[in-house]
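Chemist:
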């Protein structure tokens with residue numbers, strides 16, 4: 033203990049000498065002049081002098097004298113850091129991540145619109161892309177939301193919901209046109225042909241063919257040749273899922289402006 037006291041005294045003396053050695057008022061010269069005016073006897077208000085108004089040399093000395101003693105007592109150092117560093121902020125955890133009003137609303141929108149991308153969520157919440165991305169990353173980091181990539185899109189799902197890989201692909205596809213209108217038409221009119229879809233939905237033949245090929249590769253749609261026609265129908269699991277979760281979804285509905293019924297009490301399966 034005596035040894036530490038000596039070291040502390042030496043360091044304190046060194047700091048004081050360093051402060052005197054720095055350029056400032058300690059080494060400046062003074063000129064004394066006689067008083068030529070009579071003291072008026074008026075009282076003046078004092079101007080507040082904050083820490084940030086002090087000269088850099090004085091600010092440095094104050095900081096060193098505040099922190100230096102704590103270097104010899106780790107407990108005091110941790111106490112100072114715990115008081116100074118947070119500055120009113122608290123650490124976000126899995127338990128507190130939904131305490132924020134905006135994140136709570138964002139999470140509810142994801143539950144109501146499984147598979148929604150950043151664009152749809154930005155429209156639903158009215159938030160900018162930057163703000164939305166920040167809060168989405170927090171929800172993903174704390175395990176409240178899962179992000180699933182599909183067709184160069186990223187769909188978001190609440191972790192307390194459970195969807196298979198096929199169902200995830202369907203839900204992400206429902207968030208964009210013309211995939212949503214094609215799937216809705218196949219749900220209403222099974223065994224349809226490309227010309228039927230083109231006539232009913234006003235889409236071009238190449239657009240329909242491209243989407244049908246993608247749906248077929250993903251296990252959502254099956255294709256069967258009937259003479260010179262190719263008839264498309266929803267795969268059994270896809271049809272059952274769409275019937276259960278979308279019902280009679282209007283074709284004119286703008287993607288991302290409504291909500292799809294979501295299963296409760298399930299967890300997302302990331303493939």
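In our numbering, the protein residues as written are 33 to 303.
Glycine is no exception: its CB is placed at the ideal position from the N, C-alpha and C atoms.
Starting from residue 263, follow its DSSP beta bridges and name the residues at the other end.
Modeler: DSSP output for residue 263 lists 225, 256 as bridge partner(s).
Chemist: Can you tell which of 169, 154, 160, 148 has its C-alpha closest to the C-alpha of residue 212?
Modeler: Comparing Cα-Cα distances from residue 212 to each of 169, 154, 160, 148, the minimum goes to 148.
Chemist: How would you write the range of the alpha helix (DSSP H) that residue 137 sits in, first residue to last?
Modeler: From DSSP, the alpha helix (DSSP H) with residue 137 extends over 133-144.
Chemist: Strictly by DSSP, which residues pair up with residue 129?
Modeler: For residue 129, which the question treats as bridged, DSSP gives no partner whatsoever.
Chemist: According to the neighbour-count rule (16 or more other Cβ atoms, all chains shown, within 10 Å of its Cβ), is residue 247 buried or exposed?
Modeler: It counts as buried.
Chemist: CB residue 255 to CB residue 198, shorter than 9 angstroms?
Modeler: Taking 9 angstroms as the Cβ cut-off, residue 255 and residue 198 do not qualify as a contacting pair.
Chemist: Does the beta-carbon distance from residue 140 to residue 170 come in below 9 angstroms?
Modeler: No.
Chemist: According to DSSP, is residue 230 part of a helix, a strand, or is it coil?
Modeler: Here residue 230 sits in helix by DSSP.
Chemist: Which full runs of the beta strand (DSSP E) of 3+ residues lie inside the region 146-213, going along the chain?
Modeler: As far as the region 146-213 is concerned, its whole beta strand (DSSP E) runs of at least 3 residues are 177-182, 185-190.
Chemist: Which class does residue 87 belong to by DSSP, given the choice of helix, strand or coil?
Modeler: Residue 87: coil per DSSP, three-state reduction.
Chemist: What is the rounded straight-line gap between the Cα of residue 251 and the Cα of residue 245?
Modeler: So the two alpha carbons sit approximately 10 angstroms from each other.
Chemist: Would DSSP call residue 273 helix, strand or coil?
Modeler: Looking at residue 273 - three-state DSSP - the assignment turns out to be helix.
Chemist: Would you report the Cα separation of residue 89 and residue 95, rounded to the nearest angstrom?
Modeler: Their backbone Cα atoms lie some 10 angstroms apart in a straight line.
Chemist: Given this structure, state the Cα-to-Cα distance separating residue 124 from residue 92, to the nearest angstrom.
Modeler: Spanning the two alpha carbons is a distance of roughly 33 angstroms.
Chemist: What is the residue span of the alpha helix (DSSP H) that residue 248 lies within?
Modeler: 237-249 is the extent of the alpha helix (DSSP H) around residue 248.
Chemist: Would residue 275 be called buried (16 or more neighbouring beta carbons within 10 Å of its own) or exposed?
Modeler: Answer is exposed; the Cβ neighbour count stays below 16.
Chemist: Whole angstroms are fine: how far does the CA of residue 242 sit from the CA of residue 187?
Modeler: Between residue 187 and residue 242, the C-alpha separation is close to 21 angstroms.
Chemist: Go through its chain and collect everything with a Cβ distance to residue 210's Cβ below 6 angstroms, but skip five positions before and after it.
Modeler: Counting only Cβ-Cβ distances below 6 angstroms, and skipping sequence neighbours, we find 235.
Chemist: Compare the beta carbon distance of residue 182 and residue 200 with 9 angstroms and say whether it is the shorter of the two.
Modeler: Yes. Within cutoff.
Chemist: Give the DSSP-derived three-state secondary structure of residue 124 in the structure shown.
Modeler: Residue 124: coil per DSSP, three-state reduction.
Chemist: Enumerate in chain order the residues of its own chain whose CB-to-CB distance from residue 204 is below 8 angstroms, with the five nearest sequence positions on each side excluded.
Modeler: Closer than 8 angstroms at the Cβ level, and outside the excluded window around residue 204, lie 147, 149, 180, 182, 183, 185, 187.
Chemist: If you compare alpha carbons, which of 157, 167, 160 is closest to residue 128?
Modeler: Cα-wise, what sits closest to residue 128 is 167.
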